[in-house]
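Numbering-wise (this note's numbering), the sequence shown opens with residue 470 and increments by one. The beta carbon of each residue, even a glycine, is placed where N, CA and C say it ideally should be.
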Amino acid sequence: VVLGGLCQNGSITEANFLSFLDILLVTQEGTVRVQARISGYVVTRTNTPLATGAYDIYCDGRIEISNERSLHRLFSRSVSGKETRFRDEIRARDPKCVISGMINSDLSIQASDWISYEAAHLFPVHGESIWIDLDFGRWITDMDDSPPCSKIDSAQNGPPPRSHVHQLFDQYLVSVNPDDGYKVVVFNSDVDGLDGRILDPVCRDPANPHCVSDKLLRWHFRQSVLANMRGQGEPIFEHDFPPGTDITGEIFAGP
Numbered sequence: 470v471v472l473g474g475l476c477q478n479g480s481i482t483e484a485n486f487l488s489f490l491d492i493l494l495v496t497q498e499g500t501v502r503v504q505a506r507i508s509g510y511v512v513t514r515t516n517t518p519l520a521t522g523a524y525d526i527y528c529d530g531r532i533e534i535s536n537e538r539s540l541h542r543l544f545s546r547s548v549s550g551k552e553t554r555f556r557d558e559i560r561a562r563d564p565k566c567v568i569s570g571m572i573n574s575d576l577s578i579q580a581s582d583w584i585s586y587e588a589a590h591l592f593p594v595h596g597e598s599i600w601i602d603l604d605f606g607r608w609i610t611d612m613d614d615s616p617p618c619s620k621i622d623s624a625q626n627g628p629p630p631r632s633h634v635h636q637l638f639d640q641y642l643v644s645v646n647p648d649d650g651y652k653v654v655v656f657n658s659d660v661d662g663l664d665g666r667i668l669d670p671v672c673r674d675p676a677n678p679h680c681v682s683d684k685l686l687r688w689h690f691r692q693s694v695l696a697n698m699r700g701q702g703e704p705i706f707e708h709d710f711p712p713g714t715d716i717t718g719e720i721f722a723g724p
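Quick look at the structure:
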């Protein structure tokens, strides 16, 4: 099997790398062994930073790449009433970008100035039918009396990143691993210095009924691994369309 690579921006440990392979690979029997192609070094589940280079994967049994579905995403904005509520609830919970740590000042908040801050869905709204079919609403605990479809707009389904981080988040290029201390992982070149940061505790305070869902963070991170490391990885979709652009045509003509 052939797997795509990833950018090692410094935060990925050997244990992280092996956990990514647990998502990507399906083995019938036997233990997977990962070995550096040149040195022969065997990767183990330690917190040692993963060295850059090519790695070979060995297994005594059959090994295949997972065919788990990866949900494509496009960067989008909505002005629906439900998403306006979603935005307002997230702003009330998190007065900052919880990924970069950039704080929106009290003066700006009082003036309703949230320029460059945007609420982002962990599970995208355009996948609402999948959300319903797989009963993802069961992971939302602050809207018990609401129908499953509306729960996708719970504040538990999103952090408020800065606008450019929102774009990276939507493309699965930045994600948060709740099983590794809420570490931020950047899957492409880390020009913003986000890799290795810790998701701000303000959005995940268990005492707050609207705290972000660990299960949805885990889903987004799993999707990010699949999108970036399976085969040659998923294409990065264009998002900057001038007025009058045939957006659908541009997407189909893309990579």
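Where residue 494 falls: helix, strand or coil (DSSP): Here residue 494 is taken as the residue at index 25 of the sequence shown, counted from 1. In the structure shown, residue 494 sits in a strand (DSSP, three-state: E or B).
Simplified DSSP assignment, three categories, for residue 525: For the purposes of this step, residue 525 is taken as residue 56 along the sequence shown, with counting starting at 1. In this structure, residue 525 counts as strand in the three-state DSSP scheme.
Member of 561, 515, 649 whose CA lies at the smallest distance from the CA of residue 680: Counting from one through the sequence shown, the residue named residue 680 turns up at place 211. Answer by Cα proximity: 561.
Check whether residue 567 and residue 668 have beta carbons under 9 Å apart: Taking the first residue of the sequence shown as 1, we reach residue 567 at position 98. Taking the first residue of the sequence shown as 1, we reach residue 668 at position 199. Taking 9 Å as the Cβ cut-off, residue 567 and residue 668 qualify as a contacting pair.
7 Å CB neighbourhood of residue 480 in its chain, flanking five on each side removed: As a working note, residue 480 is residue 11 in the sequence shown. Counting only Cβ-Cβ distances below 7 Å, and skipping sequence neighbours, we find 652, 654, 664, 665.
Cβ-Cβ distance between residue 640 and residue 685 below 9 Å: Residue 640 sits at position 171 when you count from the first residue of the sequence shown. Residue 685 sits at position 216 when you count from the first residue of the sequence shown. Contact flag unset, no.
Of the residues 695, 564, 516, the one placed nearest residue 578, counting alpha carbons only: Here residue 578 is taken as the residue at index 109 of the sequence shown, counted from 1. Nearest of 695, 564, 516 to residue 578, Cα basis: 564.
Sequence ranges, beta strand (DSSP E) only - wholly within the region 640-665, length at least 3: 643-646, 652-655
contact_flag[the region 572-591, the region 599-607] where n(CB pairs < 8 Å) is 3 or more: no
Same chain, Cβ closer than 6 Å to residue 496, five either side skipped, listed in chain order: In the sequence shown, counting from the first residue as 1, residue 496 sits at position 27. Excluding positions up to five away in sequence, the list reads 528, 530, 532.
Proximity test, residue 644 beta-carbon vs the ligand SAH heavy atom, cut-off 8 Å: Ligands displayed in this structure: none; no statement on the ligand SAH is therefore possible.
Rounded straight-line distance, which links the Cα of residue 606 to that of residue 614: Within the sequence shown, the letter at position 145 stands for residue 614. Within the sequence shown, the letter at position 137 stands for residue 606. For residue 614 and residue 606, the distance between alpha carbons rounds to 11 Å.
Secondary structure of residue 668, DSSP reduced to three states: By 1-based counting over the sequence shown, the position of residue 668 is 199. In this structure, residue 668 counts as coil in the three-state DSSP scheme.
DSSP state of residue 579 mapped onto helix, strand, coil: Locating residue 579 in the sequence shown gives position 110, counting from the first residue. Three-state DSSP puts residue 579 in a helix.
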